[in-house]
Amino acid sequence: MSFSDTQRLFSGGNAPLSGVGSILQRLYLDGPLLGGLLMVCALGLVVLYSAVAQNMDLWIQQCMRLVVALVAMLIVAQLPPDLLRRWTPWGYLGGLILLIMVLAAGEVGQGAQRWLDIGIRFQPSEIMKLAVPMMAAWYLHDRQLPPKFMDLVVIGVLIIVPTVLIARQPDLGTSLLIAMSGVLVIVLAGLPIRVMVLLALASIPGAYVLWQFMQDYQKQRVLTLLNPDSDPLGAGYNIIQSKIAIGSGGLFGKGWTNGSQAQLEFLPERDTDFIFAVMGEELGLLGVLSLLALYLFVVGRGLYIAIQARDTFSRLLAGSISLTFFVYVFVNTAMVTGLVPVVGVPLPLVSFGGTSMVTLLAGFGILMSIHRHRKLLPH
Amino acid sequence: MSLFSPIKDHHSETQLFVGRVILSSVIGVVLLGVVVGRLVQLQVVDHQLFAEQSQGNRIRIEAVPPTRGLIFDRRGRVLAENLPAYQLELIPEQVPDINDTLARLAKLGLIGEEDIPRFNGLSQSGPRFKPITLRFRLTDDEIANFAVQRPRFPGVDLQPRLVRHYPDGELVAHAVGYVGALSTADLERLDAAAYSGTSHTGKTGVEHFNEGVLHGDVGFRQVVTNALGRQVPAETRDYADSAAESESPIPGDNLYLSLDIDLQRVAAKQLEGRRGAIVAIDPRNGEILALFSAPAFDPNSFATGMSPSEYNALQQDDQRPLFNRAVRGSYPPGSTIKPMLALAALEIGATNLTRRSVCIGWYSLPGSTHRYRDWRPQGHGEVDLHDAIQQSCDVYFYEISRDIGIDNMHYYLEQFGLGNVTGIDMTGEADGLVPSREWKRNAFRERADQVWFPGETIIASIGQGYLLATPLQLASATATLAMRGQRFKPHLVAAFEDPLTGKRILMPPERLPNVQINDEFYWDNVLAAMHDVMQSGRGTARAVGLGAPYDMAGKSGTAQVFTIAQEEKYDEDEIDERLRDHALFIAFAPFEDPQIAVAVIVENGSSGSGIAAPMARAIMDQHLGFNDDEL
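Order-wise, the sequence lines are chains A and B. Just so you know, our numbering puts the end of the first sequence at 381, numbered straight through with nothing missing. Just so you know, our numbering puts the end of the second sequence at 676, numbered straight through with nothing missing.
So, in structure tokens, the structure goes:
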């Protein structure tokens, strides 16, 4: 597939304006991206209805969360990218302060503390999921690319501080994903490939050697840190059941709400981290491939918007948001199919629970704003 | 920020960015390709394997019920044990046609026709893979019979399990109680998780009161079951290692009761063919030695399950075998309270040891013509307190009752434990009733009924009227008499034993407040009169105490079941058996060193000294080692 083919595939939003198109344009919404996201969410709700064992209360709760998240996306889409850019340092600083407050409150509460209660309960780490890539993109906005060594050091600090604060909560999984979103900005900004390869090569044997030198109880601690909610034995059981669920689904699946693994509760955490296995069991290979195709379309459209963006900030941010979304999808599906160890990452926009849904759709709201406002920003 | 921004080369930056996006996309597509490859491997290549595993191999966590604690009598003889037995189970999801299967099982005689609708309902309500117990215990013949037919009954199977068994059956039905199948109500009351593997729970008596210690703690094991739900040995599965987690159940504590099964046997024999109760207590510590209610029933039928019709028959039997008369039966205590009233009268000065009355066979209140009759129509002549107890002269007590007054009666009888539960370690004990002015004010709605009449004091003095006591309360009060006012809370459990370590915890006797009568002289005289009831020429129960190898004391009582009109005579032969007087007797022995206190009540037994007293004697003979009869 050549680049121009790709461009044609993802450029549907620029087609001559129909009635719907003009409404979308006035709302600064991107049609293809919105369509892809809505289809992912719709498929997610169908699967979730089965995964919560047809509990209408829980299902409606998730629908309400989706509505809230869509509203958040709509609001964010109205904010022009240069406004977002000017707000970025303040948002980042505010997020840092909230993280420190959470840690202080956690110190008092003597336990893991991720929530802050200011009228509504929310996790400040959710702010950081957007603020970290925004801050990295803000810093690089009017610097020469590829970034210089000193730039890398500064961005490194900007990424590491919130990462450490979140890791201390302790929430290592989230902190690593946030660090990843910042690193992706540097990679997109043109971090030299030889540096990346060198770092990757150094980290693999380094980690291996470190692992060999660790005592059993230290290894156990690292594993527990990566996955606080289940012991290795429990995780092993989860993976066995998850693989049986997906494998037994076959090509076409056992039928919606008919998965014996899921419905007889053999499958643990079927409505959250392991919901992909429910889908694999009930809707089969065709079902999960459809979902993966939708995800791929959303990420592709995001990257297309990134390429179309006119300024560095928008471009880097749009690219990072799209790729981070992909990382979520990959880590979850690889975990559920037993390719990578069990870490607690939900399937984006499908798993039950709404805290991350608002952040995810707000991120896509930024993408839409970038795409829809670009004509108003002559370069 | 540097002082001047370097000039940005927008074109090369865009090229660089697009290059990186393409690189990321390639990596992303490769990673996604790995996931898709994995999905194809799981869902297409290995589909058959996983389909079989999901169909057939299911890891299930199964609760392992703890072994219920055993119950022993005071000499270590088993009263309740757990015997291996086979029960018949049905797993609804494996049965092709439930109606047909149940009908054919009924034809084989394994279940009753009338049970079919019930099991049908059960098979529809619960989870379809959860077994339903059709029969808790099959006989050897039934096991053999079913084993031959088993291939014709898919989804129905024999399961080995432990069944509660009471070797002495009826003898311990009311004291030890019984276990029965867990009901929905039980499950709401108990911790469902702790009972997840348990089928039965204590329903009455010691079994119920001590459920918490008898039950033990549930254990768990992970089992691999095949498509039919039948368990597959774990070692045949490759992932059995990761699934082989288990936790052993902790068995419940064994109980050692103070009960003496030999004494129970004597009590049962004495009450054979009658309705009544016998309770015997060791007065020195409150230990229950015997507690029997007649007629009894076989507690094993509750443990193994019975058909609704059998249960209804028990429930509706007009002899009321399920009713625990020993702790729930409330009877007018009759003359058995006279020694207690005598002590109260002495203490408050309502009478003295030299005061004499002339008994002419009846008594009237001044200014009234109503005659309160003595049990002996011709009267007892001139009597003092000693004679009045010994011969059970009613008129003497009618006379002094006016000076004692109902509120003093209430005050002292409550000190002997009447009118309140004794606090024995079993459930369902009745309060009995000791009336007072205050009680009457509160008990009646109509103002006219709330007034206490002098005549009510008169009849209360011979244990009639509103007064009610349970056999257990009377036995406990008798123990208090024997101990000259020192009281202990009656109890059945003497020791708990941890079956794993064999460590025993003894239950110490629990002291209750003494009766507030401190003059030993009063006790000497009243107890001497009780002694002479059984062992002097004029005692009402002299025939019973005759020739005994030990000294004893007692008091008879005869309680009216219905009121005879003023001028009528009570003629035993003419009235219905159910309207005859209740026969009561309380006794303790040996007189100088009391080791046993007994209360006997025989419903409609007519004569306390004639019917109930020999029963008390038999109990005391047995306990003190003077029973020569074969048990």
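We put the CB at the ideal spot given by N, CA and C, even for glycine. All figures in this text were calculated on a predicted structure; none of them were measured in a lab.
| Asked | Found |
| --- | --- |
| Arg-303(A), DSSP secondary structure in three states | helix |
| Contact with chain B by Phe-328(A), beta-carbon distance below 8 Å | yes |
| Contact between the stretch 347-365 of chain B and the stretch 591-610 of chain B (3+ Cβ pairs under 8 Å) | no |
| C-beta neighbour in chain E for Asp-327(B), strict 8 Å | Among the chains of the structure shown, chain E does not appear; the protein chains present are A and B. |
| Distance CB(Tyr-223(B))-CB(Leu-391(B)) smaller than 8 Å | no |
| Stretch-stretch touch, CB-based, cutoff 8 Å, three pairs: the stretch 127-143 of chain B with the stretch 200-207 of chain B | yes |
| Where Asn-330(B) falls: helix, strand or coil (DSSP) | coil |
| Cβ separation of Val-428(B) and Tyr-408(B), assumed to be a contact under 8 Å, to the nearest whole Å | The pair is not a contact, with the Cβ atoms about 13 Å apart (cut-off 8 Å). |
| Chain B within 8 Å of Ile-368(A), Cβ atoms only | no |
| Limits of the alpha helix (DSSP H) - the one that Ala-520(B) falls within | 516-527 |
| Rounded separation between Pro-480(B) and Tyr-511(B) - CA only | 6 Å |
| Top-ranked residue by Cα proximity to Pro-422(B), from Ser-413(B), Cys-404(B), Thr-414(B) | Cys-404(B) |
| Proximal residues of chain A, C-beta to C-beta of Gly-73(B) below 8 Å | Val-301, Leu-325, Phe-328, Phe-332 |
| Same chain, Cβ closer than 7 Å to Gly-355(A), neighbours up to 5 away in sequence not counted | Thr-274, Pro-348 |
| Cβ contact check for the stretch 499-519 of chain B and the stretch 462-469 of chain B: 3 or more pairs under 8 Å | yes |
| Under 7 Å by beta carbon: chain A residues contacting Arg-65(B) | Val-189, Leu-190, Gly-192 |
| Secondary structure, alpha helix (DSSP H): runs of 4+ residues fully inside the stretch 320-380 of chain B | 345-349, 353-361, 370-373 |
| Boundaries (first-last residue) of the beta strand (DSSP E) holding Ala-390(B) | Note, Ala-390(B): premise wrong, no beta strand (DSSP E); alpha helix (DSSP H) at 383-393. |
| The stretch 28-43 of chain A touching the stretch 313-333 of chain A, judged by at least three CB pairs closer than 8 Å | no |
| C-alpha distance - Leu-526(B) paired with Met-385(B), whole-angstrom precision | 8 Å |
| Within chain B, partners of Thr-90(A) - CB distance below 8 Å | Here the premise fails: no neighbours, minimum Cβ distance about 15 Å. |
| C-alpha distance - Asn-334(A) paired with Pro-111(B), whole-angstrom precision | 41 Å |
| Proximal residues of chain A, C-beta to C-beta of Asp-91(B) below 8 Å | Gly-249 |
| For Asp-213(B), three-class secondary structure by DSSP | coil |
| Residue of Ile-641(B), Arg-492(B), Pro-353(B), His-455(B) minimising C-alpha distance to Glu-158(B) | Pro-353(B) |
| Residue-level contact to chain A via CB, Arg-266(B), 8 Å cutoff | no |
| First and last residue of the uninterrupted beta strand (DSSP E) at Glu-637(B) | Run containing Glu-637(B): none; DSSP gives neither H nor E here. |
| Cβ neighbour criterion (16 or more within 10 Å) applied to His-576(B) | buried |
| Leu-26(A) versus Ile-99(A): straight-line alpha-carbon distance, rounded | 36 Å |
| CA nearest to the CA of Ala-107(A), picked from Gln-171(A), Glu-271(A), Leu-351(A) | Gln-171(A) |
| Minimum Cβ-Cβ distance from Arg-83(B) to chain A less than 8 Å | yes |
| Under 9 Å (Cβ pairs) to chain B, residues found in the stretch 333-362 of chain A | Thr-335, Ala-336, Thr-339, Gly-340, Leu-341 |
| Same chain only: Cβ atoms within 8 Å of Asn-144(B), ignoring 5 sequence neighbours per side | Ile-161, Asn-165 |
| Reference Leu-232(B); option with closest CA among Arg-83(B), Lys-248(B), His-219(B) | Lys-248(B) |
| Contact with chain A by Ser-170(B), beta-carbon distance below 8 Å | no |
| Interface residues of the stretch 631-647 of chain B facing chain A [CB-CB below 7 Å] | none |
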